[in-house]
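Asker: Same order as they appear, the protein sequences are chains V and U. The first sequence lines up with residues 0 to 232 when you count with numbering that gives the first Met the number 0. The second sequence lines up with residues 0 to 232 when you count with numbering that gives the first Met the number 0. For glycine and all other residues, C-beta sits at the position ideal for the given N, C-alpha and C.
2 protein chains.
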Amino acid sequence: MAEGPWTTEVRYVTGAHKSEAPKAEACRPAHKRSASGTRTALRAAAAFRFGKYGYEGTSVRDIAGDVGVDAALVYRYFGSKEALFNDVSGTGKIFEPLLNEPVEAIPDWFCALLMGPPREGDFPHPVLSVLRSSGRDEAVARLRADFTEVFSQRLAARLGGPDADLRAELLAAWMLGTSLMRSEIRPPALASAPDATVERYLRAGIDVLLCPAPEDTDGTARAGDEGHCIGDN
Amino acid sequence: MAEGPWTTEVRYVTGAHKSEAPKAEACRPAHKRSASGTRTALRAAAAFRFGKYGYEGTSVRDIAGDVGVDAALVYRYFGSKEALFNDVSGTGKIFEPLLNEPVEAIPDWFCALLMGPPREGDFPHPVLSVLRSSGRDEAVARLRADFTEVFSQRLAARLGGPDADLRAELLAAWMLGTSLMRSEIRPPALASAPDATVERYLRAGIDVLLCPAPEDTDGTARAGDEGHCIGDN
DNA sequence: AACACAAGTCAACGATTGATGACATAGGTC
DNA sequence: GACCTATGTCATCAATCGTTGACTTGTGTT
């Protein structure tokens, strides 16, 4: 009774060979065999572990253990560890809503994404999953493709103004840095300051990139002449 | 002759069990036994591999192979793989010069650091060495301590104005994001845009954090009333 | 109740890993 | 040239890794 995983509903809570509980066992109909349920549970556990410990720092047995299942199932369902990694890695369309948002709402959208709970279930940063797993070159390439499509192309097209692609990419950099700083490095002020205060400086940085200063050859840049400025509410 | 590593000067170029040449064999007096030389060469190879592949993605044999030396020497000189990692990980005082710089020169200093060659010898980002090696909790803690001391404390004290610590940390975030974006994700515009253009937007973001808008309770923030603005040349 | 197939387990493989201790050799000193 | 010590090598261990194929067990159907 104590060993058998299928006898009770709390079987998910077992496992966790390393340091931390997995927390994200997803929708798996308890005490009932379900291939799709196990698949999604494995995906969730894999996303968590790959994000937190990286590709090399995560073993297939760890992932399977989180779900309370034998490691062999990973190979039945996904073929290989690398295939599972490729399946769960990537930005996962979290930037898609941004593209359907009116341009004026972009600062708010970014602030909401950055200031919200780190991620549901204490999930690690999705970009970290790739950053922590070099050289999974394929994953890095796909991450670059994701960023390029969303920011350099689609968002840039909607921003307009000079250097729209560069500004969009710097916006992504500003987001990435703030997000990593907040969720991983966790310096004291960023962790303790009231959200409204952080958001104010955050928004100021976003505005700078959304409302570019006009091109200036001799170095003296002034603000807000060209480029349709937005979100000055 | 072909196998013996000490017979010629180019022995460093051998090794490199994985994908990429190490490039950083540092100062090791060729064809002469030197403990200190081997130590520093091991340190350099370790810093490179840990930064590029992370802690778990790097084997002791890889590091020793880069230097052209047996893996056992790593244990003689550093005790363990983890001790070697702790020895070479960290920001390595690259932010120290910032603290000796006059405040007005900070934007220039940041721009120079960010826009310069990624790192000498194609070296990976020092923060990545830690970010890619979770959960080396000790290294993460030291990285946080580094950032806290340099930015949240010493730099913040010199910045002055409201939320100086928070602004300094956000400055670090802005740097981190831009740096990671440039060196790892490498989106197209950021890679191809002329340095002067990138620098202009970069500086605008820095200025926003160095010259804070005054605290404002009802949300309407104006620029440049309080807080000694600098670097407006 | 018997059957059949899907879902999950088990034992084992070859390779690689971090780590250790016994051994070999270079190079300066007398 | 003999010798000694620092320096580097070698063989090897136990543990863990990704992966595989044969096996067991649950569950819905007839």
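Could you pull out every unbroken alpha helix (DSSP H) segment of at least 4 residues lying fully inside the stretch 144-218 of chain V, listed in chain order?
Answerer: 155-158, 163-179, 187-191 and 194-209, all fully within the stretch 144-218 of chain V.
Asker: Can a CB atom of chain U be found closer than 8 Å to the CB of V102 (chain V)?
Answerer: Locating residue 102 (chain V) in the first sequence gives position 103, counting from the first residue. Closer than 8 Å: no.
Asker: Please report how far the alpha carbon of K78 (chain U) lies from the alpha carbon of F146 (chain U), in whole angstroms.
Answerer: Here residue 78 (chain U) corresponds to residue number 79 of the second sequence, with the count starting at 1. Here residue 146 (chain U) corresponds to residue number 147 of the second sequence, with the count starting at 1. The identity of residue 78 (chain U) in the sequence shown is Gly, whereas the question assumes Lys. Cα-Cα distance, rounded: 28 Å.
Asker: Taking beta-carbon pairs under 8 Å, can you tell me which members of the stretch 34-61 of chain V lie near chain U?
Answerer: Listed in sequence order: K51, Y52, G53, Y54, E55 and G56.
Asker: To the nearest angstrom, how far is the alpha carbon of A46 (chain U) from that of V87 (chain U)?
Answerer: Looking up residue 46 (chain U) in the second sequence gives position 47. Looking up residue 87 (chain U) in the second sequence gives position 88. Near 6 Å, if we compare the C-alpha coordinates of V87 (chain U) and A46 (chain U).
Asker: Around the C-beta of R48 (chain V), are 16 or more other C-beta atoms found within 10 angstroms, so that it is buried, or is it exposed?
Answerer: Residue 48 (chain V) sits at position 49 when you count from the first residue of the first sequence. R48 (chain V) comes out buried.
Asker: In chain U, which residues lie with their C-beta within 9 Å of the C-beta of L97 (chain V)?
Answerer: Residue numbering aside, residue 97 (chain V) sits at position 98 when the first sequence is read from its first letter. By Cβ distance, chain U contributes nothing, its closest Cβ being about 16 Å from L97 (chain V), past 9 Å.
Asker: So what's V68 (chain U) in DSSP terms, helix, strand or just coil?
Answerer: Translated into positions along the second sequence, residue 68 (chain U) becomes position 69. If DSSP states are grouped into helix, strand and coil, V68 (chain U) belongs with coil.
Asker: Is there a Cβ from chain U that is less than 8 Å from the Cβ of M114 (chain V)?
Answerer: Numbered from its first residue, the first sequence carries residue 114 (chain V) at position 115. No, because no Cβ of chain U sits closer than 8 Å to the Cβ of M114 (chain V).
Asker: Is the shortest distance between the beta-carbon of S128 (chain U) and the beta-carbons of chain V less than 8 Å?
Answerer: Within the second sequence, numbered from 1, the residue matching residue 128 (chain U) stands at position 129. Answer no: the Cβ-Cβ gap between S128 (chain U) and chain V never drops below 8 Å.
Asker: List the whole-angstrom C-beta distance separating V149 (chain U) from L98 (chain U), where the pair is believed to meet the contact cut-off of C-beta under 8 Å.
Answerer: Taking the second sequence and counting its residues from 1, the one referred to as residue 149 (chain U) is at position 150. Taking the second sequence and counting its residues from 1, the one referred to as residue 98 (chain U) is at position 99. V149 (chain U) to L98 (chain U), Cβ: 7 Å. Contact.
Asker: In angstroms, rounded to a whole number, what distance separates the CA positions of E183 (chain V) and K31 (chain U)?
Answerer: Taking the first sequence and counting its residues from 1, the one referred to as residue 183 (chain V) is at position 184. Taking the second sequence and counting its residues from 1, the one referred to as residue 31 (chain U) is at position 32. Spanning the two alpha carbons is a distance of roughly 44 Å.
Asker: Select from the stretch 159-173 of chain V all residues with a C-beta closer than 7 Å to any C-beta belonging to chain U, and list them in chain order.
Answerer: Under the 7 Å Cβ criterion, the stretch 159-173 of chain V contributes D162, D164, L165, R166, E168, L169, A171, A172 and W173.
Asker: Just to confirm, are G204 (chain V) and G160 (chain U) a CB contact at a threshold of 8 Å?
Answerer: If you number the first sequence from 1, residue 204 (chain V) lands on position 205. If you number the second sequence from 1, residue 160 (chain U) lands on position 161. Result no, Cβ atoms of G204 (chain V) and G160 (chain U) do not sit closer than 8 Å.
Asker: Residue range of the alpha helix (DSSP H) that I105 (chain U) falls in?
Answerer: Counting from 1 along the second sequence, the entry for residue 105 (chain U) is found at position 106. Unbroken alpha helix (DSSP H) run through I105 (chain U): I105 to M114.
Asker: By Cβ distance below 8 Å, which residues in the same chain neighbour D69 (chain V) in space, the five residues on each side in sequence not counted?
Answerer: One-based indexing of the first sequence puts residue 69 (chain V) at position 70. Closer than 8 Å at the Cβ level, and outside the excluded window around D69 (chain V), lie A63.
Asker: So, does the CB of A203 (chain U) fall closer than 8 Å to a CB anywhere in chain V?
Answerer: Within the second sequence, the letter at position 204 stands for residue 203 (chain U). Taking Cβ atoms only, chain V reaches closer than 8 Å to A203 (chain U), which makes this a yes.
Asker: Is T90 (chain U) close to chain V, meaning its C-beta is less than 8 Å from at least one C-beta of that chain?
Answerer: The residue given as residue 90 (chain U) occupies position 91 in the second sequence. Closer than 8 Å: no.
Asker: Tell me the DSSP secondary structure of Y54 (chain V) in three-state form.
Answerer: As a first step, residue 54 (chain V) is located in the first sequence; it is residue number 55 there, counting from the start. Coil.
Asker: Quick one: which chain U residues come within Cβ less than 8 Å of S182 (chain V)?
Answerer: Walking along the first sequence from the start, residue 182 (chain V) turns up at place 183. Going along chain U, no residue has its Cβ under 8 Å from S182 (chain V), so there is no contact; the nearest lies around 11 Å.
Asker: If you draw a straight line from the C-alpha of A156 (chain U) to the C-alpha of E168 (chain U), how long is it?
Answerer: Start at 1 with the first residue of the second sequence, and residue 156 (chain U) comes out as number 157. Start at 1 with the first residue of the second sequence, and residue 168 (chain U) comes out as number 169. Whole-angstrom Cα-Cα distance: 12 Å.
Asker: DSSP on R38 (chain U), reduced to helix/strand/coil?
Answerer: Residue mapping note: residue 38 (chain U) aligns to position 39 of the second sequence, counting from 1. It is helical.
Asker: Between the stretch 49-59 of chain V and the stretch 129-145 of chain V, do three or more beta carbon pairs fall short of 8 Å?
Answerer: Counting Cβ pairs under 8 Å, three or more are found: they touch.
Asker: Helix, strand or coil: how does DSSP classify K80 (chain U) here?
Answerer: Here residue 80 (chain U) refers to the residue found at position 81 when the second sequence is read from its first residue. Correct three-state label for K80 (chain U): helix.
Asker: Quick one, which of U:A171, U:P96 and U:E198 has its alpha-carbon nearest G187 (chain V)'s?
Answerer: Locating residue 187 (chain V) in the first sequence gives position 188, counting from the first residue. The residue asked about is misnamed: residue 187 (chain V) is Pro in this sequence, not Gly. Closest by alpha carbon: U:A171.
Asker: So L209 (chain U) contacts chain V; which residues on that side make the cut at Cβ distance below 7 Å?
Answerer: The sequence position of residue 209 (chain U) within the second sequence is 210, counting from 1. Simply none; closest approach about 11 Å.
Asker: Rounded to the nearest angstrom, how far is the Cβ of L201 (chain V) from that of T177 (chain V), given a contact under 8 Å?
Answerer: The count along the first sequence starts at 1 and reaches residue 201 (chain V) at position 202. The count along the first sequence starts at 1 and reaches residue 177 (chain V) at position 178. Right, the Cβ-Cβ distance comes to about 7 Å (below 8 Å), so this counts as a contact.
Asker: Should V197 (chain U) be flagged as near chain V, meaning a C-beta pair shorter than 8 Å?
Answerer: In the second sequence, the residue the question calls residue 197 (chain U) occupies position 198. V197 (chain U) counts as touching chain V.
Asker: Smallest Cα separation from A82 (chain U): which of U:P106, U:V59 and U:R166?
Answerer: Taking the second sequence and counting its residues from 1, one reaches residue 82 (chain U) at position 83. When each option's Cα is compared against that of A82 (chain U), the closest is U:V59.
Asker: Could you check what DSSP says for P96 (chain U) in three-state terms: helix, strand or coil?
Answerer: Position 97 of the second sequence holds residue 96 (chain U). Helix at P96 (chain U).
Asker: Measuring straight from C-alpha to C-alpha, what distance separates E2 (chain V) and F109 (chain V)?
Answerer: One-based indexing of the first sequence puts residue 2 (chain V) at position 3. One-based indexing of the first sequence puts residue 109 (chain V) at position 110. Residue placement at E2 (chain V) is flagged as unreliable, the pLDDT there being 36, under the threshold of 50; the coordinate-derived value follows with that caveat. Using only the alpha carbons, I get a separation of about 46 Å.
Asker: If you draw a straight line from the alpha carbon of S33 (chain V) to that of V139 (chain U), how long is it in whole angstroms?
Answerer: Sequence index remark: in the first sequence, residue 33 (chain V) carries index 34 (1-based). Sequence index remark: in the second sequence, residue 139 (chain U) carries index 140 (1-based). Answer to the nearest angstrom: the Cα atoms are 39 Å apart.
Asker: Taking only beta-carbon positions, decide if S151 (chain V) is within less than 8 Å of chain U.
Answerer: Residue mapping note: residue 151 (chain V) aligns to position 152 of the first sequence, counting from 1. Yes, because at least one Cβ of chain U sits closer than 8 Å to the Cβ of S151 (chain V).
Asker: Taking the continuous alpha helix (DSSP H) assigned at S128 (chain U), which residues delimit it?
Answerer: Residue 128 (chain U) sits at position 129 when you count from the first residue of the second sequence. Counting along the chain, the alpha helix (DSSP H) containing S128 (chain U) begins and ends at P125 to L130.
Asker: V233 (chain U): which of U:A111, U:L127, U:A40 and U:G115 sits nearest, CA to CA?
Answerer: There is no way to answer for residue 233 (chain U), as the model of chain U reaches only from 0 to 232.
Asker: Applying a beta-carbon distance threshold of less than 9 Å, which residues of chain U neighbour F146 (chain V)?
Answerer: Here residue 146 (chain V) refers to the residue found at position 147 of the first sequence. Neighbours of F146 (chain V) on chain U, chain order: M180, I184 and P186.
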